[in-house]
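Q: Take 13 as the starting number for the sequence shown in my numbering and just add one per residue. Backbone N, C-alpha and C fix where the C-beta goes; we use that ideal spot for every residue, glycine too. I have a structure I would like to understand better, so I am pasting it below and will then ask my questions one at a time.
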Amino acid sequence: MNDIEAASGEGYDAVVVGSGFAGSWAAKELTEAGVRTLVLEAGPPRRAEEIPDRAVSYAAAAAGDDGASWPRQPVQSGHFHFRPRGPHLFVDDVEHAYETPPDRSYTWIRGMQVGGRSLVWGGSALRLSRFETEAGDVDGASLRWPVRYEDLAGAYDRVEELLGLRGTPEEDLPQLPHGRFRGEPPVLTPAESDFRRSYRRPGTRPVPVRYVPADPGA
13 MNDIEAASGE
23 GYDAVVVGSG
33 FAGSWAAKEL
43 TEAGVRTLVL
53 EAGPPRRAEE
63 IPDRAVSYAA
73 AAAGDDGASW
83 PRQPVQSGHF
93 HFRPRGPHLF
103 VDDVEHAYET
113 PPDRSYTWIR
123 GMQVGGRSLV
133 WGGSALRLSR
143 FETEAGDVDG
153 ASLRWPVRYE
163 DLAGAYDRVE
173 ELLGLRGTPE
183 EDLPQLPHGR
193 FRGEPPVLTP
203 AESDFRRSYR
213 RPGTRPVPVR
223 YVPADPGA
């Protein structure tokens, strides 16, 4: 028996590190299969008032930059959702520094709290396509994926059904595979409708974003 088991008074069959999207889904699958599962999270749970409403926070960010600088979060502050969602939902880059090779920089966006980066997610949910999974076979330079789109399609279906993905069923494009949509399709704003009517580029057309509503019951 390890220290965790001794402290809790029970044993576990699996330990999931992190409670973001990947960790939460892993814990869901394990517990539904009857596996005794422990989820370890380095950060605290967030109160409802610490998580801004998605629509309100984005509208505030669109009003413009307030000129603030973030010396302790130079990496995190570059993320689109840093200001609208709040710096407190992103890690302190000074305290949680990392290194990359000089010729292979990597922007590592992190959220250390229950739910991880899911709390700063904008809700857009697009499937990868054969253009990504089979790119290596076409250009000879991209990384060759060990799976194909067909291997992922069933998993996409399950996740989209659980989250309540919204989308327009008529938009089924090779580079943007059809999703498993629930509820009413997204309603375009007047500006979006005008753009769609006036857009002209041969071989292309605007497609409403596929997204998960902030309120699953919306």
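Can you give the Cα-Cα distance for H9 and E172, rounded to whole angstroms?
A: For residue 9 there is no data in the structure shown, the boundaries of the chain being 13 and 230.
Q: Can you tell which of L155, F143, R170 has the C-alpha that lies nearest to the C-alpha of Y161?
A: In the sequence shown, counting from the first residue as 1, residue 161 sits at position 149. For Y161, the closest alpha carbon among the candidates L155, F143, R170 is that of F143.
Q: So does the region 123-132 actually touch the region 30-37, counting three or more Cβ pairs closer than 8 Å?
A: yes
Q: Let me make sure I understand the geometry here. Which of F94, L50, A167, A38 has the alpha-carbon closest to that of I63?
A: Sequence index remark: in the sequence shown, residue 63 carries index 51 (1-based). Looking at the Cα atoms, F94 is the closest of the given residues.
Q: Are P225 and G135 close, meaning C-beta to C-beta below 8 Å?
A: Taking the first residue of the sequence shown as 1, we reach residue 225 at position 213. Taking the first residue of the sequence shown as 1, we reach residue 135 at position 123. In contact: P225 and G135 (Cβ atoms closer than 8 Å).
Q: My guess is that Y211 and A137 are in contact by the Cβ rule of under 8 Å, so how many angstroms apart are they, rounded?
A: Taking the sequence shown and counting its residues from 1, the one referred to as residue 211 is at position 199. Taking the sequence shown and counting its residues from 1, the one referred to as residue 137 is at position 125. Contact doesn't hold; Cβ gap of about 23 Å is too wide.
Q: Quick one, which of G23, F102, L50, E41 has its alpha-carbon nearest R58's?
A: For the purposes of this step, residue 58 is identified with residue 46 of the sequence shown, where counting begins at 1. Closest option to R58, Cα to Cα, is F102.
Q: What ranges does the alpha helix (DSSP H) occupy inside the region 139-186, keeping only unbroken runs of at least 4 residues that lie completely in it?
A: Listed in chain order, they are 142-145, 147-151, 161-175.
Q: What would DSSP say about A60, mapped onto helix, strand or coil?
A: Translated into positions along the sequence shown, residue 60 becomes position 48. Here A60 sits in helix by DSSP.
Q: Got a sec? Which residues, its chain only, sit under 6 Å from R217 by beta carbon, not counting five neighbours each side?
A: In the sequence shown, residue 217 corresponds to position 205, counting from 1. For R217, there are no CB contacts under 6 Å within the same chain when 5 residues up- and downstream are skipped.
Q: Go through its chain and collect everything with a Cβ distance to L42's Cβ below 6 Å, but skip five positions before and after it.
A: The residue given as residue 42 occupies position 30 in the sequence shown. Excluding sequence positions up to five before and after L42, its CB lies within less than 6 Å of the CB of A26, T49, all in the same chain and listed in chain order.
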